[in-house]
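Have a look at the structure below before the remarks.
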Ligand code: 5GP
Ligand code: ZN
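Residue numbers (our numbering): 1 to 112.
What follows is the structure in structure tokens.
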């Protein structure tokens, strides 16, 4: 499903431009607009849902395939020495966009 009011759904539709690094039928990976590390990518499912607690079996399947693909995407984008995956869940964790996303952070030593 697409949520027409959602920023990341607008990126999926191409209504808002983004620097895409990978796309297939069920996921999109693009550069974060305010990078918090030398490499900062966002991986999102094309199906709009807000939180892991909204994930049913099919959605967990997509998340699993994203995790399967991310090592290759990270390595191809400057994270060959390692990277960090973060999924913020809820406002207290700093989540600002309520379309589930995985932060891929790397390209440098992460001493935090
Ligand atoms: P959150 O804080 O929800 O876990 O992460 C949302 C991320 O989306 C932030 O790191 C923020 O910089 C990024 N972001 C917000 N708006 C845009 C945008 O319009 N384009 C891109 N590429 N990233 C965005
Ligand atoms: Zn969305």
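All C-beta atoms in this analysis are idealised placements derived from N, C-alpha and C, irrespective of residue type, glycine included.
Only a predicted model underlies this, so the values are computations on that prediction, with no experimental measurement involved.
task = Run the proximity test for residue 100: is its beta-carbon closer than 7 Å to any non-hydrogen atom belonging to the ligand 5GP?
result = In this structure, the C-beta of residue 100 stays at least 7 Å away from each heavy atom of the ligand 5GP.
key: beta-carbon residue 107 near the ligand 5GP non-hydrogen atom, thresh 7 Å   = No; taking the cut-off as 7 Å, the Cβ of residue 107 has no heavy atom of the ligand 5GP nearer than that.
request  = Can you check DSSP and say which residues form a bridge with residue 70?
outcome  = Assignment of beta-bridge partners to residue 70 by DSSP yields no partner.
query = Mind checking residue 42: buried by the 16 CB within 10 Å criterion, or exposed?
reply = It counts as buried.
message = Does the beta-carbon of residue 40, which I'm using as the reference point, lie nearer than 7 Å to any heavy atom of the ligand MG?
response = With respect to the ligand MG, the structure shown offers nothing to examine, as its ligands consist of the ligand 5GP and the ligand ZN.
ask   = With distances taken between CB atoms, is the gap from residue 104 to residue 48 smaller than 8 Å?
value = The Cβ-Cβ distance between residue 104 and residue 48 does not fall below 8 Å.
inquiry  = Assuming residue 31 is part of the alpha helix (DSSP H), what are its boundary residues?
reply    = For residue 31, there is no enclosing alpha helix (DSSP H); the enclosing beta strand (DSSP E) covers residues 27–31.
ask   = Where does the unbroken beta strand (DSSP E) through residue 104 begin, and where does it stop?
value = Note, residue 104: beta strand (DSSP E), 102–106.
query = Do residue 3 and the ligand ZN come close, with the Cβ less than 7 Å from some heavy atom?
reply = Result yes, Cβ under 7 Å from the ligand ZN.
ask   = Do residue 113 and the ligand 5GP come close, with the Cβ less than 7 Å from some heavy atom?
value = It is not possible to answer for residue 113, since the shown part of the chain is limited to 1 through 112.
request  = Figure out for me which residue from 40, 88, 102, 4 has the closest Cα to the Cα of residue 16.
outcome  = Residue 4 is the option with its Cα nearest to residue 16.
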